[in-house]
Amino acid sequence: MVLDSVVYGDEKQNRRKARIRFSLVLTMLIIFGLFVVIPFYWMMLTAFKTEAQVLTAPPILWLNPLNWQFSNFATAMDTAPFLRYMGNTVLVSSISTVGTIFTTVFAAFAFARLNFNGRDFLFMILISTMMIPGEIFVITNFLTVVELGWIQNQTYMNAILAMTLPFMTSIFYIFFLRQSFRQIPDELYYAAKVDGTTDLKYLFKIMVPIALPTIITITILNAMGTWNAYIWPRLVTQQQEFRLVSNGLRDAFSNIAGRILYNEQMAAALLVTFPLLVVFLLLKKYIIRGVSRSGIKG
Amino acid sequence: MLEDKSNVKAWFYLGPALFLLSIFIFYPIFNALFLVFLRDYNYLQGTWEGFTLFENFFYVFRNQNFTQALTNTMIITFVSVPISVIIALLISVWLNSVLKLRGFFQTIFFLPYVTNAIAIGMAFAFLFNQNYGLINTMLGWVGLNPVNWVGLGATWGNAMFSLLIYVVWASLAFKIMVFLSGLQNIDKQYYDAARVDSTKRYRIFRRITVPLLSPMIFYITITSFIGAFKAYTQVIGMFGVRLGPPGNDKSLITIVALVYDALDRSGVPGALSEAAATAIVLFLITLVFTLINMQVSKNRVHYSGGGK
Amino acid sequence: MEIRLENLTKVFTNKKTTDTLAVNQLDVTIPSGKLIGLLGPSGCGKSTTLYMISGLLKPSQGSIFFGDDDVTTVPPEERGIGLVFQNYALYPHMTVSQNIMFPLENLKVPKEEALERAQKIADLVGIGELMSRKPAQLSGGQQQRVAIARALVKEPRVLLLDEPLSNLDARLRIQTREEIRRIQRETGITTIFVTHDQEEAMSISDEIILMDFGVKQQMGAPQNVYDEPENLFAAKFLGTPPINLFDGKITAKKIKLGPAVIGTTQSAPNDIVIGIRPEGFVVEEEGPIVADVEFVETIGRDTTLIMIDPTDATKRFRAIVDSDYRIEAGHQVQLSVKPHKMYIFDHETGERL
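As they're listed, the protein sequences go chains A, Y and X.
Start counting the first sequence at 296; every next residue gets the next number (our numbering).
Start counting the second sequence at 20; every next residue gets the next number (our numbering).
Start counting the third sequence at 171; every next residue gets the next number (our numbering).
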């Protein structure tokens, strides 16, 4: 009897408490939700304003869709070849993702499944380099790319090579893939061995399909990494039209002397952001699952 | 058979990855350790004036922007990481407690994960615009005067404040995603048991949720610290290559910016060694704080039996 | 296909700890076309033996013959074996039919023939209707059958099963073990299965091989091993409830349990262990063993008496007697022993005397 009253209390009162709690939580979520959404809203709003509307104080906070000025996007496109930048970005991201998956799947298989001298030692070395900041590599990698002749009189091919080759493998992804390969029971491998399956066939017919969620995650993470890449492409590209979206965006709106045309700047920013948002909404399930998993180190 | 070593095969599988890693990871590490001890290394001619132990590090410390860069990096790290970890933790607990609208809010909170840092940085810069920005308008609603956050001649403090808001905003999504999936993996039995014992909500949070989530909080905190020490793109996104508000150039410079600064002068003798020395200083700072972090967390992180 | 193991030995070497002798000089001949149970407690080397027969593990010493072929160094895929794993090891992303056809793919069997063979074998094991399901959509028993079908589809010379029933619930276990028996009879394939469950091994095996500490303890038809254990281990391992053990003595050709003389023997005077099966006691007024009854359990036609060991009051022993006797707890009974249900073992070596 005593327990009852402690656990359940007065039912009506409890329900009211729960409702109050829910409203409080909802309020907090809305406040922080607004904090997250406002920059996006501000970007979109500004991207559709006329110059006069942008330069109105206090700012206009709502714009009737009938009055949207779409020409800002055209003007932004004239300022810099954004379609070209997006094309470059998609190309660089595809090449580096395919390359990364190829190299990491093989390496992860060796670490997860094969038995060879020095395996644990080598793996430990790889893991310990993950702590070292990328800037230490960038210095020499820049020199390497110069030595390879990809900077002087740069062709498009050179630029693409310089932007992709250093990123065609990743210790973190090897580690990540190895983890998911190791979750596959050993018996599957033995069963395949008894049936005369070669290692290569086992890798592609059994392991890769089972670890597909991880591979999708790597693809998404890699693609987003390229979409955000700013420093390295800026270092190794010699011509404007070889650059990626981030560089294009920053450069196009940094060099104009005097007044900044915010509506055009935001239109360009929206152009760059929009494809990613669409991809996110389409692949939301995979991205959330994959990213959460990559954060939970096994 | 099973126990047979497959050495040749293993190296064949490892080949492509190891080849690339050797060129772009292992060799650069050794080369950086080599460069940092060269005196006046002239990269264009491939010559240097003998070896030196500390000279290149002195260059780093004597760089007129070093103190500023170190201060900025430290402030960005030690303000943004704790704040974003706590906010992300709260948001994920709240998200986890509502059933209705969870999917909707999840989408909202994860949005910043998939954006372009430069594009959003520009949007933030305009949000903080003195005359036409939303922030000052909102301050006006509560009767405060407009502030020059990021405009011509804006003070270091104002600019830093704006930057921090952006950095926190940008780093929330990933943490919320990870925490939320961690929360969803906690066995409901613990909560049922706590409710039967009529434990108060905040005590459940402090005594059950946080300890059970602690390995994940620890992991996220460490990686966030490592990431925050490398702050740079966010500054570029908001302030452009001037690294500060107009008229106050380089006031928001960071350590990584110093590395690229030196790298941009790669033709000048000694510049590459300075870049290497700066990067090594950054590494050492990261290492020291990671070790401190691990030491501090040692007794506070609760690892469950067979858990990951 | 007769299988012969000669002097088979497996040592696991480990850098950190000492080496483990998992299987020790095993000599066994497994007759063709029989269902053989490899039985023993966990860690006795039975799975290691199975894996050596499969070729997944390499023996440290000794040879394995399939018929007249020495297959000791032949890789698993060339031995012509089918192997069923304890956790079934079904490929989770493939359908039942893809799983069953997978071994045929490696043998480059044309697709149509493979489909036909897969269907035939699936019908044999009773999962012909489930061909398009994924493993996750099947019950444990169905997964087990898929695993057996996959092992059988390439028409192996030998079928090996590693703890095939341990992941099933009790009811399904009985049903599945009869199913295994039926499939084995219908295909006539030499089959070896590993188990730690004596009942499982006793119920369906033609012969059992009893192992402990990597050493073969006894081999024979289940009832023979039960009736004529060659050593203490064999006597202890088989039988539920287990055999009762008493410390005894042989003096002047008499077997003595404490003061009671319960039989005669030709063996020399010695300290011995006397094993008496629970069903080996008879309640008789003139019986030589006098014991206090502590509990009486009557289940159906059997009455189990739990009694205090007359040689050691801290120990208890069981007798299963006819329920015609009305015996109450707290009373004393006198018991005699059926000679063929009693075994005596050397106290030191455990060998049957």
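From the three backbone atoms N, C-alpha and C, an ideal C-beta is built for every residue, glycine too.
State buried or exposed for residue i, treating a residue as buried only when at least 16 other CB atoms are found within 10 Å of its CB.
i	result
residue 315 of chain Y	exposed
residue 280 of chain X	exposed
residue 289 of chain Y	buried
residue 140 of chain Y	buried
residue 280 of chain Y	buried
residue 345 of chain X	exposed
residue 415 of chain A	exposed
residue 33 of chain Y	buried
residue 422 of chain X	exposed
residue 66 of chain Y	exposed
residue 243 of chain Y	buried
residue 327 of chain Y	In this prediction, residue 327 of chain Y has a pLDDT of 32, which is less than 50 and means its spatial position is unreliable; what the coordinates show is noted afterwards. Residue 327 of chain Y should be labelled exposed.
residue 495 of chain A	exposed
residue 452 of chain A	exposed
residue 221 of chain Y	exposed
residue 307 of chain Y	exposed
residue 360 of chain A	exposed
residue 134 of chain Y	buried
residue 488 of chain A	buried
residue 183 of chain X	exposed
On the premise that residue j lies in contact with residue i, defined as a C-beta separation below 8 Å, what is that separation, rounded to the nearest angstrom?
i	j	result
residue 291 of chain Y	residue 434 of chain A	6 Å
residue 181 of chain X	residue 230 of chain X	5 Å
residue 184 of chain Y	residue 248 of chain Y	No, residue 184 of chain Y and residue 248 of chain Y are not in contact; Cβ-Cβ is about 19 Å, not under 8 Å.
residue 136 of chain Y	residue 273 of chain Y	Rounded, the Cβ-Cβ distance is 14 Å, inconsistent with contact.
residue 297 of chain X	residue 312 of chain X	6 Å
residue 294 of chain X	residue 356 of chain X	7 Å
residue 334 of chain A	residue 188 of chain Y	7 Å
residue 380 of chain X	residue 388 of chain X	5 Å
residue 231 of chain Y	residue 209 of chain Y	7 Å
residue 236 of chain X	residue 327 of chain X	6 Å
Applying a beta-carbon distance threshold of less than 7 Å, which residues of chain Y neighbour residue i?
i	result
residue 564 of chain A	138, 141, 142
residue 454 of chain A	Simply none; closest approach about 17 Å.
residue 579 of chain A	126
How would you list, in chain order, the residues of chain X whose beta-carbon sits under 7 Å from the beta-carbon of residue i?
i	result
residue 415 of chain A	By Cβ distance, chain X contributes nothing, its closest Cβ being about 11 Å from residue 415 of chain A, past 7 Å.
residue 514 of chain A	Those do not exist, as residue 514 of chain A stays about 18 Å from chain X at its closest Cβ, beyond 7 Å.
residue 501 of chain A	261
List, in chain order, every chain X residue whose beta-carbon is nearer than 9 Å to that of residue i.
i	result
residue 505 of chain A	261, 262, 263
residue 485 of chain A	221, 224, 226, 246, 253, 255, 259
Chain X partners of residue i, CB-CB under 8 Å?
i	result
residue 480 of chain A	257, 259
Between the Cα of residue i and those of the options, spot the shortest distance and give me the residue it belongs to.
i	options	result
residue 362 of chain X	X:507, X:355, X:375	X:375
residue 411 of chain X	X:369, X:388, X:377, X:197	X:369
residue 342 of chain A	A:330, A:370, A:316, A:321	A:370
residue 456 of chain X	X:465, X:430, X:464	X:430
residue 81 of chain Y	Y:309, Y:161, Y:213, Y:297	Y:297
residue 505 of chain X	X:444, X:519, X:432	X:432
residue 227 of chain Y	Y:146, Y:212, Y:238	Y:212
residue 563 of chain A	Y:142, Y:86, Y:36	Y:142
residue 508 of chain X	X:479, X:207, X:458	X:458
residue 199 of chain X	X:268, X:360, X:245	X:360
residue 215 of chain X	X:358, X:511, X:179	X:179
residue 288 of chain X	X:305, X:324, X:309	X:324
Taking 7 Å as the cut-off, is the beta-carbon of residue i closer than that to any non-hydrogen atom of the ligand NAD?
i	result
residue 409 of chain A	No copy of the ligand NAD occurs in the structure displayed, which carries no ligand at all.
I'd like to confirm the pairing. Which residues does DSSP put opposite residue i in its beta bridges?
i	result
residue 461 of chain X	X:503
residue 433 of chain X	X:425
residue 96 of chain Y	According to DSSP, which records beta bridges pairwise, residue 96 of chain Y is partnered with nothing at all.
Given that residue i touches chain Y, what residues does it touch there, using C-beta distances under 8 Å?
i	result
residue 328 of chain A	124, 127, 128
residue 321 of chain A	117, 120
What in chain A is Cβ-close to residue i, meaning under 7 Å?
i	result
residue 134 of chain Y	568, 571
residue 534 of chain X	Not covered by the structure: residue 534 of chain X. The range shown for chain X is 171 to 523.
residue 289 of chain Y	Within 7 Å Cβ-Cβ: nothing; residue 289 of chain Y doesn't reach chain A, min ~13 Å.
residue 150 of chain Y	352
residue 25 of chain Y	409, 410, 411
Give the residues of chain A in contact with residue i, contact being defined as C-beta atoms less than 9 Å apart.
i	result
residue 276 of chain X	487, 490, 491, 492, 493, 496
Residue i touches chain Y at which residues, Cβ-Cβ below 9 Å?
i	result
residue 510 of chain A	Per Cβ cutoff of 9 Å: no residues; residue 510 of chain A is ~15 Å from chain Y at best.
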